[in-house]
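Residue numbers (my numbering), protein chains in the order written: chain A, 73 to 876; chain B, 504 to 678; chain C, 146 to 429.
Every residue gets a Cβ at the ideal spot worked out from N, C-alpha and C, and that includes glycine.
All remarks here apply to the structure that follows.
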Amino acid sequence: MAELRYVGHAAARPDAGDKAAGRTAYIHDLERPGMLFGKVKFSAHAHARIKRIDTSRAERLPGVKAVITGYNTPEIRIGFLGDNFALKRDLVRQFRDEVAAVAAIDVETAAAAIELIDVEYEPLPAVFDPVEALRDGAPLVHERDAKGKPLTSNQLPLRYHHLSGDLAAGKRASRFIATGSYSTQLIQQSCMGTAGCIAEFDANDNLTIWAKTQIPFLAQRDFNRALAAMGLPDSNARVIVPALGGGFGTGLDTHAYEYIAILLAHVVGRPVKMLYTREEEFACLSPRQSSQVTIAQGCDEDGRLTFRQIDVLLDNGAYASWGATYPTVMLLPATSLYRVPNVSFDAVLAYTNNTYCQAMRGYGNPEVTWAIESNLDDLAVAAGIDPLQLRRINCNEPGETTPMGLQITTCGLSQCLDAAARHLDWQHKRGQAQREPAAGPRRRGVGLASLLHVGGSGRIYRSDGSGLMLKLDDFGNVNVYYGGVEMGQGLHSVLSLGVAEALGVRPAQVVINQTDTGTCPWDVGTHASRGAFMALNAATRAAQQIREKLFALSEELFVDEVEKNLSKYRKQHPGYQPPSFDFRSAVRRDRFDLRDGMLVVKDGPTEPWAGVELARILRAIHFRSQGTMLVAEVFYDPPNELPNWDKGMGNMSATYAFGTQGAEVEVDTETGEVKILRLVAAHDVGKVLNPQTLKGQTYGALAQGIGYALTEQVISERGHIENPGFRDYKIPTIGEMDFPIDLEFIETDDPAGPFGAKGVGEPGLVPTAPAIANAIYDAIGVRIFDLPITPDKVLRALQQKHAL
Amino acid sequence: MSVQISLTVNGTPVEVRVEPHWRLIDLLRGPLRLPGTKEGCGEGECGACTVLVDGRAINSCLYPVLEAAGRQVTTVEGLLGARNRLSTIQQQFVEHGAIQCGFCTPGMVLATHALLTQRPDPSDAEIRTALVGNLCRCTGYVQIVEAVHAAADRLRADAATAPNADAATGGPDHG
Amino acid sequence: MVGYQYLRPRSVDEAIELVVKQPAARLIAGGTDLMVRLHQRAERPPTLVSLRAIPELCGISYSNETTIGALTPIADIVASSEIAVRYPVLVAACRTLGSPQVRNVATIGGNLCNGSPCADTAPPLLVLDARLRLAGPRGTREVPIDQFFTGPGATCRAPDEVMTAVVLAAPRPTARAVFMKKTRVCMDLALVSAAVLLELDGNRCGRARIALGSVAPTPLRLRPVEQLLEGAAVDRDLLQRAQALTSASVAPIDDVRASAAFRREIAGVFVRRAIEQLLGWSQP
């Protein structure tokens, strides 16, 4: 492959300067003329009938411009099962249910008005545990579905099921079997910039909404449906995405507060801004889905995996959002992490009166990998095989098709295993705590875990497409219109590098325009680690189109421009003799190249006058009779399939990302404290597009993985979130990351990936928790099954072990 | 009942009416129209609202505005030099990949400024102590530590060659 | 409606006068606790009376005793080289309080008057036998710190009294002390904290002071464990007994931060380890 000029080299992000200067405008900073401020009133009960809402005192408060409830606004159903409502009427099913909202001249007035709204409830029996919720006689969270059909159970009408091979035969063929019941906790995405939007109608009743979203086009669809429900079937929603203070999955669904802002804006006829406080973010925005996973895995004498059986129970909470679709991604590691014939996967979801959950980075993969990789170490212990060796024996290889039908093209898992083991000094350190017990209470251990994730997007809708447009202007700027979003992951960085590389301009000439459904082509959303993969696949194709057009048009214009150049050069350099070169016959479209914004003839003279600036040639193309502009448009829809969810079959992605992480820990057996001494992360990324942003993504994911493993938990007590703030929801601080981190990126040069690259946004946190848990096991011989691994749990596990 | 106060913001004297119950962040983001300071939690836990008051890093979401009367306040905007040039610290954050979504960045940069003013050659441990009150969810902090070291090196080098310049900011001396 | 008056008296007398005239007013020091409560709407006082403009409340003076003005920021205590020499255990605890941003405004008086069982300055001040000066309309008084805390969030300070200073006796020549704090992440409240001060002669223990935070309704002096140690020759067996007695003497609760059982266990481990450290039998 030709040497790459920009892709593959560390580069500062184009948006970083403004962020450093404090100039970047997030939703928090945006203002619209005449803008009002909205606030929501949330339910006081986990499950109750609304008997009465009295908004009169709120309405009378000076500065309040509107008070709305489910009773004075048209009903807007939301959520992919249509089981949720923008404003609740008759019933509240969770503490964070939105029962009323206010628009006022400032936030303080709106907050005061909220307190003046009186709601009378009749509490109802509630259910907070999914097992309880599935029992006969449990209080029903929903009595009817969206179509009005009566429901008799809290089980969601979503079954995820996979069965391949012969499970019974697999079990019989097993010499060793390990089983376990694992759980993962509710996690708050904890974006530093909280959720919010500004909704504004124009005189034609068309809506513009600035939204903290990762799915501008799906949101447009959702909002258009809402507009229809509001009696505005011909109105259109335009979704504009400002700079985002983080995403991590919070923007993958639309939220009640957005519809409420829309309703308020329509009622008052002025823009309305809704912004969550940190407490509201914790208590009233959907967290990461929790899980209960039971697993059994077996292997034969030689350590070859014989079967894997996974059953998942999800506490869905009161309404269905993307937490309910985690099993779509859980299927990947369940069926395809390591080579395993005979796989059974089953997921059941139960409504409860707990908070409902949404997407977060990894989307079910960390939940199931937690069980698989912890359990695999238990299997290794049972079989007397080194855990690294067990993984090597069953390692995925390029060219396989997995039980789910995933077609593995490139696969760097074996290199990742080797790299992780090497950085951990596995051979020396594994088992050391047992071989050479230390004096004193501290014990050290090492552990590994691997991951498989989508690396070439993941088709979960009928379209998995991304459109992209390039528009060149008269000054040589390349305007990019892409419908995916920059949420800090570095999309704009790799996109500008990729466009520059593919087109032949300098990155500084690339301008990435704001994501806006009014101007950008359709994109399904920035999820599934697909941003760079999709944008660059579309961009390289669009760049190719531009080059073809440019070179074709240059055939008749290039020579004139070069001659002007030469003439000017001769005036500046009297006596100059140009090398002889027949430009007229050389100017054929297949002989041109564009390099750093300079149009040249390949193998022509390298003299300074022999190239024409892109801006000059563009103006020459434009400013003439029957002139033209250079614009290219590509809609890239990758070669992957929408799986059959009933069967759990389908090649969901165009390629797959692999990786192995390792941890070295020190456990204090008297306090239960787990100290991380080293983390290693080896990831098959296909191609490193920008080493600086790739490292940033990986370090950031590792930090989230550590929080998931050790310190983070949304604590919900009978549906009420007890720790709605950073005081008691502990994400890693800079102090937590005080150990060496070894990163190794394996470049497998994937044929489906732009420049060979695979998606990298999510993989970094998928195996971190089991790697740490496996290291803890190596250190102290106890297996923790429930995240987070708090010192309390470690101490109790040690006490239980010593009691035996 | 609003009150008139005088203070210095980013080197410029300011006279402004404030409500007694405002926090300093309400003044900065409100009438002073300096939106670089962000409110991440309102409870002094995340540090996104960090500004300097008389050179000390504080959480402006907890700082009663009337306590700022007569004091020197520095926000992220105040670190910029002539023609809006980024200060050394800001520039090193940019160059070392220490910025992803950027929401924590202004607070992080100011906390760094306070650190490097006190400790021009901080150890890793000192950097972590100084920035422990600035939460970041995106970066994992590693490149932030690298950026702080690089800024410290650069500032010390600049001070060695031009000892009278206030090299910590992009331009003229700030309070 | 939302909002409050914010008054900045220039003297202690003026401050006292204001709270006497407006019983619903709240005194505010650094504000890092109170401003959070106001943000959460847990309290809605009509008036705040700030103590930050009263110069005599801030600053540290040294004679035989050490007098720390109640409005002295925690950061100033951390930065004081003299305090580092006289009462290093206080500096050690202050270093862990909040974050640098919090320490730059939080005050020693505010930390004490907030009355939290997890107050970081309480365990060291308890083992140092601090005396707290209060001034009110009925005059000034000094309260030994082990009588100051009366319950979770409650102290014996009357609503119209201002804490003016923390007074520490001259450091005793053979006294050495250790502070430990259990947290979830590096910036955190104490799940358990412990200060242990011993006057040792070899392994013979003279005076002992042990104070724990977050394991009882108030910061707690562990007199039973002090009595176990005072006059004893400390050996491994005594350490185990001290650990067990500590665990038995505390009354922690389950809350979102930790379980009572965990706190009980850590309390014992901390006290034992602190004594070991003071004996030189282990490293910090």
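For residue i, I'd like the list of residues in its chain whose CB is within less than 6 Å of its CB, leaving aside the five on either flank, ordered along the chain.
| i | result |
| --- | --- |
| Asp740/A | Pro513 and Arg514 |
| Arg247/A | Asp372 and Glu373 |
Any idea what DSSP makes of residue i, helix, strand or coil?
| i | result |
| --- | --- |
| Gln507/B | strand |
| Thr192/C | strand |
| Thr378/A | strand |
| Ile290/C | helix |
| Gly543/B | coil |
| Ala551/B | coil |
| Ser261/C | coil |
| Leu625/A | helix |
| Asp418/A | strand |
| Met541/A | strand |
| Thr266/C | coil |
| Asn466/A | coil |
| Val786/A | coil |
| Thr598/A | coil |
| Val223/C | helix |
| Asp800/A | coil |
| Glu344/C | strand |
| Met402/A | helix |
Under the DSSP definition of a beta bridge, which residues are partnered with residue i?
| i | result |
| --- | --- |
| Phe817/A | His755/A |
| Gln603/B | Note: Gln603/B sits in no beta bridge, so no partner. |
| Asp740/A | Arg514/A |
| Gly389/A | Tyr423/A |
| Val582/A | Val550/A |
| Arg366/C | Ala356/C |
| Val576/B | Val512/B and Val556/B |
| Asp588/A | Ile312/A |
Using C-beta distances below 7 Å, list every residue in its chain close to residue i, excluding the 5 sequence neighbours before and after it, in chain order.
| i | result |
| --- | --- |
| Val79/A | Leu569, Gly570, Glu573, Leu761 and Phe827 |
| Asn575/A | According to the sequence shown, residue 575/A is Leu rather than Asn. So the list reads Val550, Ala615, Ile618, Arg619 and Leu666, once near-sequence residues are dropped. |
| Leu537/B | Leu531, Thr578 and Glu580 |
| Leu384/C | Arg417, Ile420 and Glu421 |
| Pro842/A | Thr441, Trp442, Glu445, Ser446 and Ala521 |
| Ala670/B | With a pLDDT of 47 at Ala670/B, under the threshold of 50, the modelled position of that residue is not reliable, and no figure is offered here. |
| Gly674/B | Residue placement at Gly674/B cannot be trusted, given a pLDDT of 43 that sits under 50; what the coordinates show is reported in the next sentence. Correct list, in chain order: Gly584, Ala585 and Arg588. |
| Ala389/C | Gly413 |
Under 8 Å Cβ to Cβ from residue i, same chain only, skipping five residues before and after it: list those, please.
| i | result |
| --- | --- |
| Arg790/A | Ala118, Ala198 and Phe200 |
| Gly303/A | Pro146 |
| Ile813/A | Arg750, Leu751, Val752, Ala753, Tyr771 and Leu774 |
| Lys865/A | Gly744, Ile856 and Asp858 |
| Val395/C | Leu357, Val360, Ala361, Leu365, Leu367, Arg408, Arg409 and Ala412 |
| Asp346/C | Thr319 |
Taking 8 Å as the threshold, find out whether the segment 146-156 of chain C comes into contact with the segment 188-200 of chain C through three or more Cβ pairs. Enough Cβ pairs lie closer than 8 Å, so yes.
Taking only runs of the beta strand (DSSP E) that begin and end inside the segment 135-194 of chain A, which ones reach a length of at least 3 residues, in chain order? Runs of the beta strand (DSSP E) inside the segment 135-194 of chain A: 136-141 and 170-176.
Assess, as a yes-or-no matter, whether the segment 419-438 of chain A is touched by the segment 835-850 of chain A under the definition of 3 or more beta carbon pairs within less than 8 Å. Verdict: yes, contact present.
At a cut of 8 Å, does the segment 665-684 of chain A reach the segment 723-743 of chain A through at least three beta carbon pairs? No, the segment 665-684 of chain A is not in contact with the segment 723-743 of chain A.
Could you tell me whether the segment 289-302 of chain C touches the segment 702-720 of chain A, where touching means 3 or more Cβ pairs closer than 8 Å? The segment 289-302 of chain C, when compared against the segment 702-720 of chain A, does not touch it at the 8 Å Cβ threshold.
With three or more C-beta pairs closer than 8 Å as the rule, is the segment 565-575 of chain B touching the segment 631-648 of chain B? Not touching, per the Cβ criterion.
Go through the segment 259-284 of chain A residue by residue and report every complete run of the beta strand (DSSP E) that reaches 3 residues or more, in order. Taken in chain order, the complete beta strand (DSSP E) segments of 3 or more residues contained in the segment 259-284 of chain A are 268-273 and 279-283.
Which runs of the alpha helix (DSSP H) spanning at least 4 residues fall entirely within the segment 644-731 of chain A, listed in chain order? Entirely contained in the segment 644-731 of chain A, the alpha helix (DSSP H) runs reaching 4 residues are, in chain order, 655-658 and 686-694.
Validate contact between the segment 205-212 of chain C and the segment 220-239 of chain C using beta carbons, cut 8 Å, 3 pairs: With contact defined as three or more Cβ pairs closer than 8 Å, the segment 205-212 of chain C and the segment 220-239 of chain C are in contact.
Would you check if the segment 690-698 of chain A and the segment 444-458 of chain A touch, i.e. whether three or more CB-CB distances between them fall below 8 Å? No, the segment 444-458 of chain A does not touch the segment 690-698 of chain A.
Three CB pairs or more closer than 8 Å across the segment 364-377 of chain A and the segment 242-256 of chain A: Contact between the segment 364-377 of chain A and the segment 242-256 of chain A is present, because at least three Cβ pairs lie under 8 Å.
Any 3 or more C-beta pairs closer than 8 Å across the segment 625-633 of chain A and the segment 553-561 of chain A: Contact fails: fewer than three Cβ-Cβ distances are below 8 Å.
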